[in-house]
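One line per chain: the protein sequences are A and B, in this order.
Numbered according to our numbering, the first sequence spans residues 554 to 957.
Numbered according to our numbering, the second sequence spans residues 554 to 957.
Yeah, the Cβ is synthetic: ideal placement off N, Cα and C, and Gly gets one too.
As structure tokens, the structure follows; a few thoughts come after it.
Protein chains: 2
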Amino acid sequence: MKACGLIVEYNPFHNGHVYHIRQSKKESGADCLIAVMSGSFLQRGEPAIIDKFHRTKAALAEGVDIVLELPYLYAVQSSNLFAEGAVRTLHESGVSSICFGSESGDADHFTEGYSVYRKNETVYRKLLQNYLDEGMAFPEASRRAYEAIGLTTEKMDLAQPNNILGFSYVRTIMDHHLPITPMAIKRKKSHYHDQTMTGSIASATSIRRKLLLGEGLSEEITETLPEETARQLHHYKRDSSIWHSWEDYFNLVHYRVMTMSTRELATIHGVDEGLEYRIKKTAHGAASFHQWIQRIKTKRYTWTRLQRMFAHILTNTTKADMQRLEHTKTVPYVRLLGMTKTGQAYLNGQKKEMSVPLISKLSQDVDPMLAVEEKASNTYYSVLPADKREQFHRQELQPPIMVE
Amino acid sequence: MKACGLIVEYNPFHNGHVYHIRQSKKESGADCLIAVMSGSFLQRGEPAIIDKFHRTKAALAEGVDIVLELPYLYAVQSSNLFAEGAVRTLHESGVSSICFGSESGDADHFTEGYSVYRKNETVYRKLLQNYLDEGMAFPEASRRAYEAIGLTTEKMDLAQPNNILGFSYVRTIMDHHLPITPMAIKRKKSHYHDQTMTGSIASATSIRRKLLLGEGLSEEITETLPEETARQLHHYKRDSSIWHSWEDYFNLVHYRVMTMSTRELATIHGVDEGLEYRIKKTAHGAASFHQWIQRIKTKRYTWTRLQRMFAHILTNTTKADMQRLEHTKTVPYVRLLGMTKTGQAYLNGQKKEMSVPLISKLSQDVDPMLAVEEKASNTYYSVLPADKREQFHRQELQPPIMVE
Chain A
554 MKACGLIVEY
564 NPFHNGHVYH
574 IRQSKKESGA
584 DCLIAVMSGS
594 FLQRGEPAII
604 DKFHRTKAAL
614 AEGVDIVLEL
624 PYLYAVQSSN
634 LFAEGAVRTL
644 HESGVSSICF
654 GSESGDADHF
664 TEGYSVYRKN
674 ETVYRKLLQN
684 YLDEGMAFPE
694 ASRRAYEAIG
704 LTTEKMDLAQ
714 PNNILGFSYV
724 RTIMDHHLPI
734 TPMAIKRKKS
744 HYHDQTMTGS
754 IASATSIRRK
764 LLLGEGLSEE
774 ITETLPEETA
784 RQLHHYKRDS
794 SIWHSWEDYF
804 NLVHYRVMTM
814 STRELATIHG
824 VDEGLEYRIK
834 KTAHGAASFH
844 QWIQRIKTKR
854 YTWTRLQRMF
864 AHILTNTTKA
874 DMQRLEHTKT
884 VPYVRLLGMT
894 KTGQAYLNGQ
904 KKEMSVPLIS
914 KLSQDVDPML
924 AVEEKASNTY
934 YSVLPADKRE
944 QFHRQELQPP
954 IMVE
Chain B
554 MKACGLIVEY
564 NPFHNGHVYH
574 IRQSKKESGA
584 DCLIAVMSGS
594 FLQRGEPAII
604 DKFHRTKAAL
614 AEGVDIVLEL
624 PYLYAVQSSN
634 LFAEGAVRTL
644 HESGVSSICF
654 GSESGDADHF
664 TEGYSVYRKN
674 ETVYRKLLQN
684 YLDEGMAFPE
694 ASRRAYEAIG
704 LTTEKMDLAQ
714 PNNILGFSYV
724 RTIMDHHLPI
734 TPMAIKRKKS
744 HYHDQTMTGS
754 IASATSIRRK
764 LLLGEGLSEE
774 ITETLPEETA
784 RQLHHYKRDS
794 SIWHSWEDYF
804 NLVHYRVMTM
814 STRELATIHG
824 VDEGLEYRIK
834 KTAHGAASFH
844 QWIQRIKTKR
854 YTWTRLQRMF
864 AHILTNTTKA
874 DMQRLEHTKT
884 VPYVRLLGMT
894 KTGQAYLNGQ
904 KKEMSVPLIS
914 KLSQDVDPML
924 AVEEKASNTY
934 YSVLPADKRE
944 QFHRQELQPP
954 IMVE
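This is the structure in structure tokens:
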């Protein structure tokens with residue numbers, strides 16, 4: 554059986570994802586689609602709107618055969634580490650291709666870009682450092698350095714967040730000489746940062762915004778969602794009482810900061826360059842999470858960077874936790890969240906080829922990194938009413954979700 | 554001017570306290586009454602029902618001339634350290650006597666008891682250790698050891714929590730040869746653990762219980778409170794939205810535990826003898842703070858001991874914080890919360906006699922121990938709505954409360 558990998562957040566799963574799944578299947582010719590998905594917290598440092606189990610169910614209903622969880626330590630990171638964790642997880646699970654969305658739909662642009670990058674890497678790194686030293690934020694510094702070495706072309710605009718991710722996947726594959734074909738799927742209609750709905754395909758950003766701003770599952774929104782997603786969104790809120798957003802966690806992270814010394818804050822991953830003082834200074838009087846970040850934000854620190862840092866404070870993810878990644882050549886394990894019959898058949902054959910354990914339950918004492926997952930999961934459910942928390946956490950200890 | 558010291562929690566201030574104040578003034582013949590009061594958290598490891606500033610106002614209205622704050626590191630402790638901090642604070646402020654409540658109302662019983670204790674201290678300590686080794690909780694072990702050396706007499710029953718405190722005050726005074734006369738004020742009517750109201754004098758326990766169980770300021774309760782206390786209780790709830798109780802903090806402390814490793818938990822003061830494992834194990838599924846403690850409780854660990862431990866987890870008070878006390882001969886500072894004109898006149902004369910700084914604002918960078926106070930205060934206000942927290946915290950930065 555031939556498998557193709559997708560790297561996703563499904564926050565929430567929507568019609569654009571259905572399109573991506575169909576195209577990926579068609580273009581890769583794979584029998585089995587494997588999605589590696591962020592868990593409780595996402596790359597931009599936000600909590601997922603509904604939990605990973607409910608998102609898994611939505612994805613399995615629409616053509617994904619296997620859903621794997623990208624560990625927190627890779628998921629809530631900038632593109633390099635994010636790509637490293639995702640591509641490595643897919644490699645362990647034996648995919649022969651990875652399909653990612655791009656504007657052009659031509660993977661050659663990315664592989665050609667990689668050659669340019671490799672040839673000019675020293676210049677790139679030097680320029681990047683210069684721009685950073687000037688006080689520029691990383692994404693902007695990196696974009697300019699790419700541009701200077703001729704990498705920001707019309708073919709592959711690295712100012713587009715999706716293209717940066719795509720390029721990171723290709724770079725990871727090629728850096729490690731992995732036997733994986735990168736495939737670029739041409740994106741349809743809506744753009745990453747779009748805040749308006751465009752017909753039945755809308756960006757996850759615009760859907761989340763509308764859901765969280767209190768519209769709920771309006772007709773306009775359900776049009777952009779497969780039926781099973783709408784059902785999972787509905788069930789999740791009915792059973793848990795909320796759709797998660799950062800403001801739900803504001804009290805917790807504020808309390809935590811208010812009871813930590815600056816020295817303790819500096820032990821947290823992402824709290825660098827004296828940010829601990831800035832965090833403490835701005836904490837007094839911040840009336841919302843949004844306002845707090847706005848008070849900390851400078852040219853050097855993007856919203857995303859700060860949101861990730863707050864996710865690490867919230868989950869108590871320390872620099873010591875991060876050191877676990879330093880000496881790992883690959884991901885320490887592959888966590889299976891759910892699968893179809895096809896996925897199960899595929900994994901039965903693949904399992905013995907894997908160089909790391911395939912696990913399904915969080916309780917398994919496989920690797921110290923699972924302690925970080927436990928913290929992230931506990932944090933995620935902390936905002937549920939006390940009598941619901943345990944019920945939702947119990948999902949972490951169940952066998953993987955199975956769908957016909 | 555002659556000053557007399559009181560050691561109090563005023564949680565809340567009630568008619569029994571008015572009686573104690575009048576008797577103390579009469580029996581000591583002092584011109585100035587100085588109360589050293591627990592701040593945000595109390596000896597039993599509970600949050601105070603209303604904050605220290607509102608309790609200070611209630612006390613100043615009823616005859617106390619100066620209210621000083623007992624630092625958290627002394628306040629949320631068993632009787633020895635509690636007494637050490639309170640007596641030392643009063644000594645620094647120059648009192649010539651300390652009045653405490655007792656059943657008999659005869660201080661000689663306590664000083665005689667001290668002589669018996671000193672003579673038999675070695676035996677006491679040995680017996681205490683034996684009982685502890687048998688798995689007995691400290692209060693019970695200590696009571697039995699006192700009994701064995703002939704200290705639990707009808708005159709001074711050390712099974713009574715108030716008598717234990719009184720005895721600790723006397724012991725601290727006499728151990729350090731402080732020029733302070735201990736005076737026992739005969740208690741009137743209600744008992745420490747009474748849960749029923751008895752006329753217009755009721756125990757703080759019964760008043761709190763009735764207030765928190767939703768009766769609010771009923772006629773029956775206001776009868777037991779001076780007018781100013783009822784006013785402060787009313788104002789506090791109106792302005793902050795709550796009267797504080799442990800259950801308000803359950804979510805915060807639960808979240809904190811769920812994102813700490815057992816290793817991290819063991820760095821917290823009071824988390825000893827492997828309790829970190831027991832705390833983690835019982836956290837899953839605990840639906841309330843009450844239920845959580847009940848699951849942890851054993852013969853060895855009393856409710857109070859566990860509540861104090863949870864207060865330290867909640868406020869992030871570490872064993873390292875506690876080490877600050879080890880090398881201090883006296884309290885590091887005296888914190889003034891409020892005073893009357895009489896109190897002010899007294900302090901003007903006394904200030905230059907003090908061997909430690911007299912401070913009023915929390916922001917003053919006088920001593921590292923103030924960082925612990927900051928954590929305790931921030932924690933206390935964490936359960937207020939976001940827009941109120943800052944407003945209430947600002948009280949910590951104001952000059953002391955002044956009353957005519």
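Beta-carbon proximity list for residue i, same chain, < 7 Å, skipping 5 on both sides
i	result
P692/A	T855
G902/B	M554
G959/A	Any answer about residue 959/A is impossible in this case: the structure gives chain A only from 554 up to 957.
V919/A	Y886, P910, I912
Local conformation of residue i per DSSP, three classes
i	result
V806/B	helix
A939/A	helix
M964/B	An answer regarding residue 964/B cannot be provided, because it is not within the stretch 554 to 957 covered by chain B.
V676/A	helix
V669/A	helix
V561/B	strand
T893/B	strand
A628/B	helix
I795/A	coil
N812/B	The question names Asn, but residue 812/B in the sequence shown is Thr. In this structure, T812/B counts as coil in the three-state DSSP scheme.
I821/A	strand
T881/A	coil
K725/A	As written in the sequence, residue 725/A is Thr, which differs from the Lys given in the question. Helix.
T871/A	strand
T835/A	helix
DSSP bridge partner residues for residue i (one or two, in chain order)
i	result
I738/A	G654/A
E622/B	M590/B, R888/B
P600/A	F594/A
I954/A	G891/A
M556/A	This sequence places Ala at residue 556/A; Met is not what is there. The partner list for A556/A (beta bridge, DSSP) reads C585/A.
I912/B	R888/B
T609/A	Answer is none; T609/A lacks a bridge partner.
Residues of its chain near residue i, where Cβ-Cβ distance is below 8 Å and the 5 sequence neighbours each way are ignored
i	result
G658/A	A737, I738, K739, R740
H787/B	L770
K976/A	The structure shown does not extend to residue 976/A, since chain A is modelled only from 554 through 957, so no value can be given for it.
A873/A	T820
W796/B	I602, I603, L764, L765, L786, Y789, K790
H662/A	S655, T706, K708, M709, A737
Whole-angstrom C-beta distance between residue j and residue i, which should lie under 8 Å
i	j	result
P921/B	R877/B	6 Å
E961/B	Q713/B	The question about residue 961/B has no answer, for chain B in this structure spans 554 to 957.
L643/B	V589/B	6 Å
I574/B	I651/B	With 8 Å as the limit, I574/B and I651/B do not qualify as a contact, their Cβ atoms being about 14 Å apart.
K598/A	V629/A	With the sequence shown as reference, residue 598/A is identified as Gly, and Lys is not the correct amino acid for it. That belief holds up - the Cβ atoms of G598/A and V629/A are roughly 6 Å apart, short of 8 Å.
T932/A	T932/B	In fact, because the Cβ distance is near 18 Å, the residues do not count as touching under 8 Å.
P600/B	W799/B	7 Å
Q948/B	F606/B	5 Å
Y627/A	A639/A	7 Å
Y802/B	V936/B	6 Å
Close beta carbons around residue i, own chain, < 6 Å, minus the five adjacent residues each side
i	result
M907/B	E645
Y699/A	T705, L711
H746/B	Model confidence at H746/B stands at a pLDDT of 48, short of 50, so the residue's coordinates are unreliable; what they give is reported in the following sentence. Nothing listed; no residue qualifies.
A636/B	S721, Y722, T725
S916/A	L950
E562/A	S591, L595
S753/A	N568, E776, T777
S649/B	K555
A660/B	P735, M736, A737
9 Å Cβ cutoff, residue i in contact with chain E
i	result
G592/B	In the displayed structure, chain E is absent; the protein chains listed are A and B.
Hey, is the region 671–681 of chain A in contact with the region 936–951 of chain A, meaning 3+ C-beta pairs nearer than 8 Å?
no
Cβ contact check for the region 607–614 of chain B and the region 918–933 of chain A: 3 or more pairs under 8 Å
no
Tell me, please, whether the region 884–893 of chain B touches the region 614–633 of chain B by the rule of three or more beta-carbon pairs shorter than 8 Å.
Result yes; three or more Cβ-Cβ pairs closer than 8 Å.
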